[in-house]
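Chemist:
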Amino acid sequence: MHSIGGALKAAQTGEFVEVNEMLSPLKIGTILMETDTFIPNSVWVQRETFCPGWQAITNLNGDDLDRQIRRDGWNLMFIGGALQGTSWGSWSDVAIRCAALRVLKRTQTTKLNAFEITGIHPQRFLGVPYVVVTGHSRQLQKSTVLQNIAERIHRAARNVPSPTSDEVGVVPVPAPAVAK
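Numbering (our numbering), first residue to last: 66 to 245.
Right, dumping it as structure tokens:
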């Protein structure tokens with residue numbers, strides 16, 4: 066598996082890059098989730114490493130995962146406002162992957178734990194092919210209210226489920242103090 070930087074460099078220079086054969090191709094509806102995101106035990110997901118810190122869920126699309134999560138009282142929130150990533154190159158798994166890596170970099174400011182690919186579009190500019198991957202940030206959590214960014218950062222750092230989790234032995238983690 067290549068790092069984010071290595072995959073992006075290969076797409077820019079046109080070099081051949083060996084892609085992990087086990088990785089399922091990205092498609093519309095694919096959910097990419099931060100590696101340490103808690104998922105209820107009753108929801109079976111098959112994950113494959115996509116890049117450092119992110120995994121692709123390969124057995125469920127966004128709608129199916131949302132339906133299963135809601136049966137357990139959890140929420141997979143959809144955040145409006147599409148994000149885009151672009152990669153030069155013809156329609157290929159490598160170009161799509163590089164564009165997806167670029168769009169994931171844009172999601173880092175939101176501190177949300179999931180991303181759904183909602184579009185993959187081949188384009189041309191002056192005859193040069195490129196691929197645009199679009200998608201939306203998503204947040205998997207127990208609560209129906211989106212946590213503020215400080216709480217999301219704190220939980221991600223502690224790698225614990227939501228304080229309203231039904232899991233045994235989960236201790237609520239207080240939110241960080243806000244300076245006055």
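Backbone N, C-alpha and C fix where the C-beta goes; we use that ideal spot for every residue, glycine too.
Mind checking W109: buried by the 16 CB within 10 Å criterion, or exposed?
Modeler: Indexing the sequence shown from 1 puts residue 109 at position 44. Exposed, by the Cβ-count rule.
Chemist: Rounded to a whole number of angstroms, what is the C-alpha to C-alpha distance between G118 and M98?
Modeler: Locating residue 118 in the sequence shown gives position 53, counting from the first residue. Locating residue 98 in the sequence shown gives position 33, counting from the first residue. Approximately 8 Å between the Cα atoms of the pair.
Chemist: To the nearest whole angstrom, what separates the beta carbons of L148 and S202, a pair I think is in contact under 8 Å?
Modeler: If you number the sequence shown from 1, residue 148 lands on position 83. If you number the sequence shown from 1, residue 202 lands on position 137. So it is a contact: roughly 7 Å between Cβ atoms.
Chemist: Run the CB neighbour count on R135, radius 10 Å, all protein chains shown included, and call it buried at 16 or more, exposed below.
Modeler: In the sequence shown, the residue the question calls residue 135 occupies position 70. Exposed is the call here.
Chemist: With DSSP as the reference, label A147 as helix, strand or coil.
Modeler: As a position in the sequence shown, residue 147 is number 82, starting the count at 1. Coil, per DSSP.
Chemist: Taking 8 Å as the threshold (beta carbon to beta carbon), is G138 in contact with chain C?
Modeler: Here there is only one protein chain, and chain C is not present.
Chemist: Cβ atoms of P194 and G154: under 8 Å apart, would you say?
Modeler: As a first step, residue 154 is located in the sequence shown; it is residue number 89 there, counting from the start. As a first step, residue 194 is located in the sequence shown; it is residue number 129 there, counting from the start. Yes. Within cutoff.
Chemist: In terms of residue numbering, what span does the beta strand (DSSP E) encompassing V197 cover?
Modeler: Residue 197 sits at position 132 when you count from the first residue of the sequence shown. V197 -> beta strand (DSSP E) spans 193-206.
Chemist: Cutting at 6 Å between CB atoms, please list the residues of its own chain near P90, excluding the five before and the five after it.
Modeler: Within the sequence shown, the letter at position 25 stands for residue 90. Counting only Cβ-Cβ distances below 6 Å, and skipping sequence neighbours, we find D158.
Chemist: Note the first and the last residue of the continuous beta strand (DSSP E) segment covering T172.
Modeler: Here residue 172 corresponds to residue number 107 of the sequence shown, with the count starting at 1. Counting along the chain, T172 falls outside any beta strand (DSSP E), though it belongs to the alpha helix (DSSP H) covering 158-172.
Chemist: Starting from G184, follow the beta strand (DSSP E) in both directions and report where the run begins and ends.
Modeler: Stepping through the sequence shown from its first residue, residue 184 is reached at position 119. Per DSSP, G184 belongs to the beta strand (DSSP E) from 179-190.
Chemist: Q111 bridges to which residues according to DSSP?
Modeler: Residue numbering aside, residue 111 sits at position 46 when the sequence shown is read from its first letter. BP columns for Q111 are empty, so no partner.
Chemist: Alpha carbons only, please: which of I185, V197, E181 is nearest the one belonging to D129?
Modeler: Residue mapping note: residue 129 aligns to position 64 of the sequence shown, counting from 1. Ranking I185, V197, E181 by Cα distance to D129 puts E181 first.
Chemist: Using the three-state DSSP reduction, which class does M87 fall into: helix, strand or coil?
Modeler: The residue labelled residue 87 in the question sits at position 22 within the sequence shown. Because the pLDDT at M87 is just 38, under 50, the model does not fix this residue reliably, and the value given afterwards should be weighed accordingly. Note: M87 maps to coil in three-state DSSP.
Chemist: Per the DSSP calculation, N140 is bridged to which residue(s)?
Modeler: On the sequence shown, position 75 is the one that residue 140 refers to. According to DSSP, N140 bridges with Q206.
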